[in-house]
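Residue numbers (the numbering used here): 1158 to 1442.
For glycine and all other residues, C-beta sits at the position ideal for the given N, C-alpha and C.
Encoded structure:
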């Protein structure tokens, strides 16, 4: 009696957990659709800004050193994009391992490391390791806008222009498909100038700039870095929700399998009990 009651209680508890994981899976899928739409909307803006910057730098080569030439690396900043919540598999851990491998390589060359962190998981992880964190943003939601990044990007651009840092890395999870997310470490500053793109656009690009070219370039680079990092944050959010949807689906499937096994055990116990009662009745008669 006691065994069958315990198993029945377990089946009820697992059914409730299955309902929760299924609901979380559906919420994650809904967020995936919204984030994909935001990424699609911002991509043309980033590409056009990059094209303009590329043309201006190549036509005004005096600004090449300031923004796109490689300096001797003495100090770098890692802009780390992580999630605020868990239940997304090993998404954050794989990214952190890649960052630590790069940091270890740079520290061996006596290069100083500073961090800017997006997401509670990254902030807690790297705080425990004792790294110098310049700035951070936690408890971000999926309504994050470009204006939320203005202060952080101002800090980064000022540090780079004043040559207090020599390189800016952004670490994030790139969404490949619903089953695959790639931890990446990309260089945002210095800018990579695309000579082939410049040659393709040169004859098609015949604009006259009314204001000082340097001011235009500064403004464009600020907008490019801000929109590009915003795009990478959305990419990481997309990877997070896809990973969470997959984890919740696996949890739901596992709970269904576990319920089937428990029901089989429960039915066996119940059948044995019935058989035992029949034997006792026959023996008594």
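Express the C-alpha separation of residue j and residue i in angstroms, rounding to a whole number.
i            : j            : result
residue 1376 : residue 1186 : 37 Å
residue 1421 : residue 1337 : 36 Å
residue 1347 : residue 1323 : 8 Å
residue 1257 : residue 1251 : 10 Å
residue 1197 : residue 1235 : 26 Å
residue 1372 : residue 1313 : 17 Å
residue 1430 : residue 1412 : 27 Å
residue 1158 : residue 1174 : Note on residue 1158: pLDDT 46, under 50, position unreliable in the model; the coordinate value appears next. If I take the Cα positions, the gap works out to 25 Å.
residue 1255 : residue 1166 : 44 Å
residue 1435 : residue 1177 : 41 Å
residue 1242 : residue 1428 : 45 Å
residue 1437 : residue 1162 : 22 Å
residue 1259 : residue 1268 : 11 Å
residue 1326 : residue 1342 : 6 Å
residue 1315 : residue 1302 : 21 Å
residue 1228 : residue 1284 : 29 Å
Residues in the same chain with beta-carbon distance under 7 Å from residue i, minus the five sequence neighbours each way, listed in chain order, please.
i            : result
residue 1172 : 1416
residue 1311 : none
residue 1226 : 1347
residue 1244 : 1401, 1404
residue 1160 : 1426
residue 1184 : none
residue 1340 : 1251, 1252, 1255, 1330
residue 1204 : none
residue 1202 : 1384
Starting from the C-beta of residue i, find all residues in its chain whose C-beta is less than 6 Å away, skip the five residues before and the five after it, and write them out in chain order.
i            : result
residue 1246 : 1400, 1404
residue 1293 : 1274, 1280
residue 1320 : none
residue 1289 : 1271
residue 1230 : 1268, 1323, 1324
Closer than 8 Å by C-beta to residue i: which residues in its own chain qualify, once you throw out the five before and the five after it? Chain order, please.
i            : result
residue 1164 : 1419, 1422, 1423, 1426
residue 1349 : 1225
residue 1264 : 1270
residue 1206 : 1377, 1380, 1381, 1384
residue 1209 : 1377
residue 1469 : The requested residue 1469 does not occur in the structure, where the chain is confined to residues 1158 to 1442.
With residue i as the anchor, note down where its alpha helix (DSSP H) starts and where it stops.
i            : result
residue 1407 : 1370-1441
residue 1315 : 1307-1318
residue 1277 : 1277-1285
Within 10 angstroms of its Cβ, does residue i collect 16 or more other Cβ (buried), or is it exposed?
i            : result
residue 1344 : exposed
residue 1239 : buried
residue 1317 : buried
residue 1249 : buried
residue 1237 : buried
residue 1392 : buried
residue 1266 : exposed
residue 1333 : exposed
residue 1398 : buried
residue 1233 : buried
Along the chain, where does the beta strand (DSSP E) containing residue i start, and where does it finish?
i            : result
residue 1230 : Run containing residue 1230: none; DSSP gives neither H nor E here.
residue 1264 : Element bounds for residue 1264: not the beta strand (DSSP E) but the alpha helix (DSSP H), 1248-1265.
residue 1331 : 1324-1334
residue 1337 : 1337-1346
residue 1292 : 1290-1294
Which residue's Cα is closest to the Cα of residue i: the options?
i            : options                : result
residue 1329 : 1276, 1372, 1313, 1233 : 1276
residue 1409 : 1169, 1254, 1168, 1179 : 1179
residue 1331 : 1390, 1287, 1282, 1325 : 1390
residue 1304 : 1333, 1269, 1387       : 1387
residue 1192 : 1396, 1439, 1176       : 1396
residue 1383 : 1188, 1200, 1194, 1268 : 1200
residue 1300 : 1207, 1309, 1188, 1440 : 1188
residue 1308 : 1291, 1298, 1296       : 1291
residue 1286 : 1268, 1261, 1297       : 1261
residue 1335 : 1406, 1327, 1268, 1298 : 1406
Would you say residue i lies against chain D (beta-carbon separation less than 9 Å)?
i            : result
residue 1242 : Reference to chain D is not applicable here, since this structure consists of a single protein chain.
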